[in-house]
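Chemist: Please see the structure below; I have some questions.
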Amino acid sequence: MLKPNSTSESVTLRAIIISAILLPPNFYWLIIGEMEMGGGSYMLPTFIVPLYNVIFCLFILTLLNSLIKKVFGRSGLHPTELLSVYVLLSSACSLCSINTMGFLFTTLGHSTWFATPENEWDSLFSSFIPTWLVVADKHSLSGYYQGNSTLYTIQHLDSWLVPTLIWTGFVSVLSTMTLCLNLILRQQWSEKEKLSYPIIHLPISMVGNLNGFFSSKPMWLGFSIASIISLINGISFLHPDFPSVPVSRRSLLHLFPDKPWSAIGQGGFNLSLYPFALGLSFLMPLDLTFSCWFFYLIGKLELVLGSMTGWSSLPGYPHHAERAFGATISFLLLIAWIGRNHLKNVLSKFWQASGKIPDINTYRWAIWGLIASGGSLLLFSIYLGLSFWLAVLFLTIYLLLSILVTRMRAELGFFTHPMWGIMAPEMTISLTGSRTLGPKNLTVLALYRWFNFGFSSHQMPHQLEALKIVDRIGMDRRQVACSLIFITALGGILLAWVHLHIFYRVGALNGGGWSRGGGNHTFNSLQNWIIYPQEQNPLSIIFMGLGLWVSMFLSIMRIRLMWWGFHPIGYIVANLEWAMRNFWSCMLISTSLKWLVLKYSGPTQYQTGLQFCLGLVLGDFITGSLWNVIGVVCNFRTYSFWPGAYLP
């Protein structure tokens, strides 16, 4: 494995240039796949981590690096450079998601293009949207939505230039805020609590242990099994008469046709055997994986109980989102209490004079950066029309959810974490009611939906994993932090270019649902908030309290009883539903196998199983990526290993 260097290494210019060169083709791949803009099949690379397009790039770079060394006798890229490319690509590609800036760009022209006398958007909220924040020229949007046009005209470039620069600046400030928060939390989570960071295991193994990893027979066995499955399913997709291996999600609702058991179908109930999910679940801590699927199945029994008792007639029953949010508050309070001495130490260093105290300058810059970036976002929100108290509440909820998803990745290593139920705008409205806010506040909340939509590709966890990798290999932390901010700003500009290039050529109206999905979600929700104003919902508050107390109980039991196997993160994940709906079966299988290996075998057998599971992940990612790339380059539909089609 890679060992830390005695002296800190810098992020090389070569690594930054390679990352920048790789961004446009990766953005093209992601946009074509996630928004179904032309060739390729529906795919969701940014919904799982590690991002499989980035692992594919790292795999190709590693192979080329080895080839250069053998053929030309040159050193090629150093392992620290390869990992630098990995962390920079991961951070930047997380922006190109239908849950982040991909979502944003589909909203910028939506209110202009789709406003009609029938929907009354002009009178409802258009006057509250600054014209410099969106594309207000309807004529320049004709090519964007209908296609067969080009971005490269003065009118089109002029229409998009100002909104693109403003939102790129916004996301750069947002990224700086989360990075500063990570710099403050890093030592407590990584060095004192020693969280495991399971997601970084694969890239570090690929780069830092070439002889051990790529010569491992169990790894190649797992790689071969996953690759063969993907190859068979790819051929079957192109030639339906060819048999397939059913690993994609399939609905189980046909097994429960009658009441009360049919209530299990609320929210969906799927079975899947994705090789990558089986492998990544094996990397996760045993008590956490167990808690996830256990509480998910308990939640399904709650639905059956609700059908039997009539509770299901209550509006919003069983209030998964509210319970998850309440549990989040309780869990974060516990984390703050555990890390209270560290936070006191950080604040004390902030006020001390500069000297030889470790990390004093890092903490000082992190706190000043957090104040400056958070203050900038607050002032910008107020300038847009958000009330001061509401801006503070909204940004606080956003930061709390950001910390949750980052902790979830660092401690649990959960490889997918869409949080659609507890998005900051929805939780803000649940706490306050939409009637008291007024259309101006609601419009700003709607415009902010793009960086609160799901959190499945949130940048903050990628940043913290980057800092963990940096500590593992002995790189300069501040240089990496600056590189992450730079690649975010550059990525925002390049993403706008690639997105608009594709959309003016193909047309948003000719793409898949997500080519217009961001705008639909944003402005349809805003329309409903304004036309059907809601009072504060006491029932939502009650279920938030229930989630808070359940999470607190689980936390106290974990502290008092060493054998207690139920974790509050598992309770939160189970109530988020979407991820567990698709992966509960994979996690159950991996939990059972890992428990058997740990109970009846030794460390050697566990390491063998670990290598096999890493091979499953790598094989599924590499072969699946090849199918993706073939479809995107050749402009026809190919097999998509994730999410894949629903199977009958």
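Sequential numbering of the sequence shown, starting at 32, is according to the numbering used here. Cβ atoms here follow ideal geometry from the backbone N, Cα and C, with glycine treated the same way.
With distances taken from CA atoms, which of Pro564, Val377, Leu624 is nearest Trp396?
Modeler: Per the Cα distances, Val377.
Chemist: Which of the three DSSP states is assigned to Met68 in this structure?
Modeler: Of the three classes helix, strand and coil, the one that applies to Met68 here is coil, per DSSP.
Chemist: Indicate whether Val80 and Arg440 have their beta-carbon atoms separated by less than 9 Å.
Modeler: It is a contact, given that the beta carbons lie within the stated cut-off.
Chemist: Label Asn179 either buried or exposed according to how many other C-beta atoms from any shown protein chain fall within 10 Å of its C-beta, with 16 as the threshold for buried.
Modeler: Classification of Asn179: exposed, given that the 10 Å Cβ count is below 16.
Chemist: Would you kindly work out how many angstroms separate the C-alpha atoms of Ser41 and Gln510, rounded to a whole number?
Modeler: Spanning the two alpha carbons is a distance of roughly 7 Å.
Chemist: Do Asn483 and Leu417 come within 9 Å of each other at the CB atom, strictly closer than that value?
Modeler: No.
Chemist: Go ahead and pull the three-state DSSP assignment for Glu40.
Modeler: Residue state, collapsed to three classes: strand.
Chemist: To the nearest angstrom, report how far apart Leu374 and Val335 are at their CA atoms.
Modeler: So the alpha carbons of these two residues sit roughly 44 Å apart.
Chemist: Taking 9 Å as the threshold (C-beta atoms), are Trp220 and Arg438 in contact?
Modeler: A contact, by the Cβ cut-off of 9 Å.
Chemist: At the 9 Å Cβ level, is Ser488 part of the contact set with chain D, yes or no?
Modeler: Among the chains of the structure shown, chain D does not appear; only one protein chain is present.
Chemist: Helix, strand or coil: which one does DSSP assign to Leu632?
Modeler: The sequence as given places Ser at residue 632; Leu does not occur at that position. If DSSP states are grouped into helix, strand and coil, Ser632 belongs with coil.
Chemist: Taking only three categories from DSSP, how would you classify Leu89?
Modeler: Three-state result, Leu89: helix.
Chemist: If distances are taken between C-alpha atoms only, which option among Thr553, Phe201, Ser433, Gly650 comes closest to Leu408?
Modeler: Among Thr553, Phe201, Ser433, Gly650, the Cα nearest to that of Leu408 is on Phe201.
Chemist: Given a threshold of 16 other Cβ atoms within 10 Å of its Cβ, counted over all protein chains shown, does Pro679 qualify as buried or as exposed?
Modeler: Low per-residue confidence applies at Pro679: pLDDT is 44, beneath 50, and the placement is therefore not dependable enough to give any value.
Chemist: Can you tell me where the alpha helix (DSSP H) with Val529 in it begins and where it stops?
Modeler: Val529 -> alpha helix (DSSP H) spans 508-537.
Chemist: Excluding the 5 residues preceding and the 5 following Lys223 in the sequence, name in chain order all residues of the same chain whose CB lies nearer than 7 Å to its CB.
Modeler: Only His373 meet the Cβ criterion.
Chemist: Which parts of the stretch 245-317 are runs of the alpha helix (DSSP H), unbroken and 4 residues or longer, counting only runs that do not cross its ends?
Modeler: Entirely contained in the stretch 245-317, the alpha helix (DSSP H) runs reaching 4 residues are, in chain order, 248-269, 306-314.
Chemist: State yes or no: is the C-beta of Trp324 within less than 9 Å of the C-beta of Ala605?
Modeler: For Trp324 and Ala605, yes; Cβs fall inside 9 Å.
Chemist: Could you give the distance in angstroms between the alpha-carbon of Ser37 and the alpha-carbon of Ile500?
Modeler: Unreliable placement is indicated for Ser37, whose pLDDT of 47 sits below 50; no coordinate value is reported for it.
Chemist: Less than 9 Å between the C-beta atoms of Arg589 and His598, yes or no?
Modeler: Cβ atoms of Arg589 and His598: closer than 9 Å.
Chemist: Helix or strand or just coil, what does DSSP make of Phe574?
Modeler: Residue state, collapsed to three classes: helix.
Chemist: Ignoring anything shorter than 4 residues or poking outside the stretch 117-201, list the alpha helix (DSSP H) runs there in chain order.
Modeler: Runs found: 132-136, 141-144, 152-155, 173-177.
Chemist: What's the call for Gly104, buried or exposed, on a 16-neighbour Cβ count within 10 Å?
Modeler: When all chains shown are included, Gly104 counts as exposed.
Chemist: Can you tell me whether DSSP reads His552 as helix, strand or coil?
Modeler: Correct three-state label for His552: helix.
Chemist: Under 8 Å, with one C-beta from each stretch per pair, do the stretch 160-172 and the stretch 357-367 reach the 3-pair mark?
Modeler: Verdict: no, contact absent.
Chemist: Short of 6 Å in beta carbon distance, which residues of its chain neighbour Thr553, apart from the five on each side in sequence? Order them along the chain.
Modeler: Cβ within range, chain order: Thr138, Ala477, Arg480.
Chemist: Quick check on Met618: does DSSP put it in helix, strand or coil?
Modeler: Here Met618 sits in helix by DSSP.
Chemist: Quick test of your reading: Trp673 and Met74, contact by CB under 8 Å. State the CB separation rounded to the nearest angstrom.
Modeler: Right, their Cβ atoms sit about 7 Å apart.
Chemist: Apart from the five residues on each side of it in sequence, which residues of its chain come closer than 7 Å, Cβ to Cβ, to Phe652?
Modeler: Here the set comprises Tyr83, Ile86, Phe87, Phe307.
Chemist: Can you grab the Cα-Cα spacing for the pair Trp292 / Thr320, in whole Å?
Modeler: Using only the alpha carbons, I get a separation of about 25 Å.
Chemist: Quick one: what does DSSP say Cys59 is sitting in, helix, strand or coil?
Modeler: Before going on, a small fix: residue 59 reads as Tyr here, not Cys. If DSSP states are grouped into helix, strand and coil, Tyr59 belongs with the helices.
Chemist: Short check: CB of Met766 to CB of Gly485, under 9 Å?
Modeler: The question about residue 766 has no answer, for the chain in this structure spans 32 to 679.
Chemist: Check whether the Cβ atoms of Thr93 and Leu61 lie closer than 9 Å to each other.
Modeler: The answer is no: Cβ separation not under 9 Å.
Chemist: Can you give the Cα-Cα distance for Phe268 and Val276, rounded to whole angstroms?
Modeler: Straight-line Cα distance between these residues: approximately 11 Å.
Chemist: Would you check if the distance between the CB atom of Leu649 and the CB atom of Gly243 is smaller than 9 Å?
Modeler: No, they are not a contact pair.
Chemist: Which residues mark the beginning and the end of the alpha helix (DSSP H) in which Arg466 is found?
Modeler: No alpha helix (DSSP H) contains Arg466, which DSSP labels as neither H nor E.
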